[in-house]
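Asks:
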Amino acid sequence: MSGDEDGTRTGLAAFGSAAVTDGWTRERISLLVAIGLVAMAFAPSFQVYLFTEFLIIALFALGFNLLYGYTGLLSFGHGLFFAGGSYGVAIVLRDLGPVIADVVGSGIAPVVTFALAMVIAVMIVVVVAIPVGWLSVRLEEIYFALITLAFGMLGFSFILQNPGGITNGTDGILVLLGSVEIGGMDVRLGDRQLYYFLTLGIVASATYTIWRIVNSPFGAVCKAIRESPDRAAALGIDVTHHRWMTFILSALFVGIAGALMAGLASVASPYHAHWTNSATAVVATVIGGATFFAGPIVGAFIYLYVRWGISRFPALEAHWELFFGALLIAVVLYFKIGAVGGLLLLRERLFGAETSTDGGGETE
Amino acid sequence: MTTVLETEELRKQFGELVAVDGVSLAIDDADITSIIGPNGAGKTTFYNLLTGVLKPTAGTVRLKGDDGLVDVTGAPPHEVAKAGLSRSYQITNIFEGLTVRENVRIARISRDGSRMDFLSRADSDPDMEADVGEILTLTGLTDIAETPCDQLSHGQKRTVEIALALAIDPNVFLMDEPTAGMNPTETTEIVSLIRELNEEIDATFVVTEHDMDVVRDISDRIVVLADGAVLADGTPTEVLNDERVTEAYLGSEGQ
Amino acid sequence: MNFTTLVPLIGIGDIVVGLSLGSRLFLIAVGLSLIFGVLGVLNFAHGALYMLGAYFALAVTTSVVDNFWLAVVIGALAVGVVGALIEVATIRPLYERAEGELDQLIVTFGFVLIIHELVRFIWGSQPYSMDTPALFDFSVTVGASTFSAYRILVIGLAALVMLSLWLFITRTYFGSLVRGTSSDREMASMLGVDVPRLYTGVFFLGSVLAGLGGALSAPLQSTSPALGDQVIIDAFIIVVIGGLGSMTGAFVGAMIIGLLQSIGPQFIAAGHIAIPFLAMVLVLLFRPEGLFGGIGE
């Protein structure tokens, strides 16, 4: 869906023929995934909601993993940036919505407002991440986990204390996206299908960007720092500075996820900043496999769908944490490669396919 | 001959203990200098002072720059590396999870300062790939370039260690026990690699080594450290026949 | 604001409440700190173990024997057994791993989820309260303030634990092993100390202390599955401020946080939730070893 459109017509034709003729090519898989993603929009409303939430949590975990799986720093405070995104959107919509409507006229105001809210929200997150990251990367290992936890909870306390009424305390802020009139039809921005496509577009672009980052010279240096920080320094790499830059990038993507969540859940909640929300990214990433690019995506999928699946059985309802706790421990102890590693291993067993360097989606 | 690395009255104290006690040394360009000494003589501390891992209590470290010697005393490790001092570790310290080629490429990325480029592909710069290929050829690692380092033998890992040090194109190589843990064949290979690099690209080496045969074999000059100070300094023949040196070694043997 | 209006607000009752809060927090924090000091493991599940102590004590009084003291002791020891099992089964395999510290943190976080859910499964989500033991079920009045005598008991017990721990670590053979192992594991191992067993012993002891804190606080607070999540954060703050591995630090830190929670809101209505986190950040940045030294100090 993303990069193929700017190719020439021949490129498209080649893609098309590769997708339909040559067996299980990458083109065919991409095409099927694209069709699947579009078809998803016509699933029952709750399923669309769940899938949209999955995409958001996947981006949350992907952003988190830039720092954890790729650079070796475990943050227990990324909820801060998630909340930064969701509150950024909520506050702009609440306080600037009427002003913007005055400027651009009421017709397309909701669209302009939401776009602006997203941009401002991400800017807020970056502005917060710059000092928080600068201070946090001075520490390593457990101490880094603790200081990010403290920063996250500091943000949580700030939201609860509601200075000047800006965060609305424990209730959080209601997010109403409004609607626009297109050709006499009233289109709600918060419409499940429309919001799904919006989220899909943003998450897909963000994922592609993260993929570019981890495969860039910048990403190569991140991996070096993960493997051995003092070796990296002995090669002339300013480890602290590089970690700081990665921290900011990581926060930025998590902020986008938070901003999208505000629109989906119709609320910016203090819970977004709480350490238990930060832990969501940890659980999803570890279960999926932190050393694989797709790990956080698969982990987020398991996280949301297993939770949903368990909730279908009244006897087990609400006991999904037990499952994830056990899974988390099992993965860390016995199966560090996570679900993605497991899938690749399974494919190898079944088809004898090469797994080690295939797909370009792995970090190693 | 020009000096590429110079220390002046370099001193490091940990509480009461004086680990390095006023060492003044000038390392000449294209020399292989071995630093030897009994355990606890202060070699490791001396290395850590040179590379910026530790800050000296007193004294200075200077490295050859574009115009004369540059003071790098107390600079952090990455700045010392940028200033032209490269090191290898006694306990192999490479990027285990990455392939040999990726290892060398990272060193090369660091050297040309493209580490903040986060959108192009890491392997897309042809000049860089050519350089990486050259270093792999020079160190004889081309055949295993795509192997993840955690699957290599000990000797191969030691060679990657040297390739990394080489890839940042330094003025001085600091090698901490390059043959540590190696079998005789591997040792011979590493020794000939060091000599080859010394001859082909006029690389300057400062080497610590336990194996006296290796020391005798490769050194242009030997410096003996004992109790944190320079005990002897000269050609291999001079130093290894020095009675004080024998004494320092024998004296430590009984401990 | 001036002092003449402020001073009368701090009643002795508030201080007693603060110190008793601090005492409970001390019991969990000192165990957390001890485990970190010796094993180098930051036990995320320590709050969950504390909560488990409260539930075990409740379960003993309601269905085994209606004796508060017995319930506290059984509850604490049972938590110790749970802790030791966790250590042997899931943490021990990680000591040798290169990036083991973070893996240990994640594994113990897994137990936060598991214990939280098991507690809900067995006891449900509703909060429980426990009766104050009859012997201490009376009020003490000092000046204008009235408070439960049980709070004084909790403070006394925490002080007693602090003293015994200190004697234990500094005066006994086991204590010297603990100190030796915390400063140099390999050396201790070479000298013939059975390091794995010592680690399990320390994890057991730390868990007993958490369980004791939870059991003793059952009459003072409502016990619900959310308890663990709240208290672990307080414990993290305390051990960071006091110094990871420091017993004195755990004690002083716990009392400061306890007092801040009881009398803080009267002074700084807006800041008392944020201040501990701010303090945690500042200590980590400027004095990561904490305000007090290492173990046994």
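Residue numbers (my numbering), protein chains in the order written: chain A, 5 to 368; chain B, 50 to 304; chain C, 928 to 1224. The C-beta atom is built at its ideal place from N, Cα and C for all residues, glycine as well.
Could you check the C-alpha separation between C/Val1009 and C/Leu1032 for me, to the nearest Å?
Replies: Whole-angstrom Cα-Cα distance: 17 Å.
Asks: Between the alpha carbons of C/Ile942 and C/Ala1181, how many angstroms are there, rounded?
Replies: C-alpha separation (whole angstroms): 13 Å.
Asks: Excluding five sequence neighbours on each side, which residues of the same chain lie with their C-beta closer than 6 Å to the C-beta of B/Gly71?
Replies: The residues are Glu58, Arg60.
Asks: Going residue by residue through the region 151-233 of chain A, where are the continuous alpha helix (DSSP H) segments of at least 4 residues, counting only ones entirely within it?
Replies: Taking only runs of at least 4 residues, the alpha helix (DSSP H) segments lying wholly in the region 151-233 of chain A are 196-218, 221-231.
Asks: Flag this pair as yes or no: are the beta carbons of C/Ile1200 and A/Gln51 separated by less than 8 Å?
Replies: No; because the gap between Cβ atoms is not below 8 Å, this pair is not in contact.
Asks: Taking Cβ positions only, does A/Pro221 come closer than 8 Å to chain B?
Replies: Yes, A/Pro221 counts as interfacial toward chain B.
Asks: Just to confirm, is the Cβ distance from A/Gly73 to A/Val126 under 8 Å?
Replies: No, these two residues do not count as a Cβ contact at 8 Å.
Asks: Beta-carbon within less than 8 Å of C/Trp996's beta-carbon, same chain only, minus the 5 sequence neighbours each way: which residues are those?
Replies: So the list reads Pro1060, once near-sequence residues are dropped.
Asks: Just by C-beta distance, which residues in the region 264-281 of chain A are closer than 8 Å to chain B?
Replies: Per Cβ criterion, the list is empty.
Asks: In three-state terms, what does DSSP make of A/Ala18?
Replies: In this structure, A/Ala18 counts as helix in the three-state DSSP scheme.
Asks: Quick one, are the C-beta atoms of A/Val344 and A/Ile252 less than 8 Å apart?
Replies: No, the Cβ-Cβ distance between A/Val344 and A/Ile252 is not below 8 Å.
Asks: Within the chosen definition, does the region 192-212 of chain A reach the region 128-143 of chain B through at least 3 CB pairs nearer than 8 Å?
Replies: Touching, no.
Asks: Quick one: which unbroken alpha helix (DSSP H) runs of 4-plus residues sit fully inside the region 1099-1178 of chain C? Chain order, please.
Replies: Here the runs fully enclosed are 1100-1110, 1112-1117, 1122-1144, 1154-1169.
Asks: Any C-beta of chain B sitting closer than 8 Å to the C-beta of A/Ala261?
Replies: No, A/Ala261 lies away from the interface with chain B (no Cβ there is under 8 Å from its Cβ).
Asks: Can you pull the chain C residues whose beta carbon is under 8 Å from the beta carbon of A/Ser161, in chain order?
Replies: Chain C residues near A/Ser161: Ile1200, Ala1201, Phe1204.
Asks: Does the contact criterion of 3 or more C-beta pairs under 8 Å hold for the region 162-175 of chain B versus the region 213-228 of chain A?
Replies: Touching, yes.
Asks: Would you decide whether C/Asn994 is buried or exposed? Buried here means 16 or more other CB atoms lie within 10 Å of its CB.
Replies: By the neighbour-count rule (16 or more Cβ atoms within 10 Å), C/Asn994 is not buried but exposed.
Asks: Just checking C/Leu1062 against the ligand MN - is the residue's beta carbon closer than 7 Å to any of the ligand's heavy atoms?
Replies: Summarising the ligand content, the structure contains no ligands, and the ligand MN is consequently not present.
Asks: Using a Cβ cut-off of 7 Å, which residues of the region 216-235 of chain B contact any Cβ in chain A, in chain order?
Replies: Hits within the stretch, in order: Ile217.
Asks: Quick one: what's got a C-beta closer than 6 Å to A/Phe369's C-beta in the same chain, skipping five residues either side?
Replies: Residue 369 of chain A falls outside the range modelled here, since chain A spans only 5 to 368, and no answer is possible.
Asks: Which term fits A/Ser360, buried or exposed, when burial requires 16 or more other beta carbons within 10 angstroms of its beta carbon?
Replies: The predicted position of A/Ser360 is uncertain, since its pLDDT is 43 and thus under 50; a value taken from the coordinates is nonetheless stated next. So A/Ser360 ends up on the exposed side.
Asks: Let me see if you follow: with CB-CB separation under 8 Å, is A/Tyr91 close to chain C or not?
Replies: Chain C, which has no Cβ nearer than 8 Å to the Cβ of A/Tyr91, makes this no.
Asks: Just the chain C side, please: which residues come within less than 9 Å of A/Val344 by C-beta, in chain order?
Replies: Correct list: empty, because the minimum Cβ distance to chain C is about 17 Å.
Asks: Can you look up A/Leu350 in the DSSP assignment and give me helix, strand or coil?
Replies: Correct three-state label for A/Leu350: helix.
Asks: Between B/Ile143 and chain A, is there a C-beta pair that is closer than 8 Å?
Replies: Yes, B/Ile143 lies at the interface with chain A (some Cβ there is under 8 Å from its Cβ).
Asks: Is B/Ala179 closer than 8 Å to B/Asp148 when the C-beta atoms are compared?
Replies: The residue asked about is misnamed: residue 148 of chain B is Thr in this sequence, not Asp. Taking 8 Å as the Cβ cut-off, B/Thr148 and B/Ala179 do not qualify as a contacting pair.
Asks: Name, in chain order, the residues that DSSP records as bridge partners for C/Ser1189.
Replies: DSSP, once it has assigned bridges, lists no residue as partnering C/Ser1189.
Asks: Of the choices C/Ile939, C/Gly1172, C/Leu1104, whose alpha-carbon is the least far from that of C/Met1117?
Replies: Selected option, being the one with the closest Cα: C/Leu1104.
Asks: Apart from the five residues just before and just after C/Arg1214, which ones in its own chain have a Cβ nearer than 7 Å to its Cβ?
Replies: So the list is empty, once near-sequence residues are dropped.
Asks: Spatial neighbours of A/Gly370 within its chain, please: CB distance less than 6 Å, with the 5 preceding and 5 following residues excluded, ordered by chain position.
Replies: Limits of chain A in this structure are 5 at one end and 368 at the other, which puts residue 370 of chain A out of reach.
Asks: Out of B/Phe254, B/Leu134, B/Ala275, point me to the one whose CA is closest to B/Pro227's CA.
Replies: Nearest C-alpha to B/Pro227: B/Phe254.
Asks: Alpha carbon to alpha carbon, what distance is there between B/Arg293 and B/Gln304?
Replies: Because B/Gln304 carries a pLDDT of 37, less than 50, the predicted location of this residue cannot be relied on, and the following value inherits that uncertainty. Spanning the two alpha carbons is a distance of roughly 17 Å.
Asks: What does the alpha-carbon distance come out to for the pair A/Ile146 and C/Glu1028?
Replies: Near 7 Å, if we compare the C-alpha coordinates of C/Glu1028 and A/Ile146.
Asks: Looking at C/Ile955: is its Cβ nearer than 8 Å to the Cβ of C/Tyr977?
Replies: Yes, the pair counts as a contact, with Cβ atoms nearer than the cut-off.
Asks: Can you pull the chain A residues whose beta carbon is under 7 Å from the beta carbon of C/His973, in chain order?
Replies: Result: empty, since nearest Cβ-Cβ is about 14 Å, beyond 7 Å.
Asks: Return helix, strand or coil for C/Gln1031, following the three-state DSSP convention.
Replies: Three-state result, C/Gln1031: helix.
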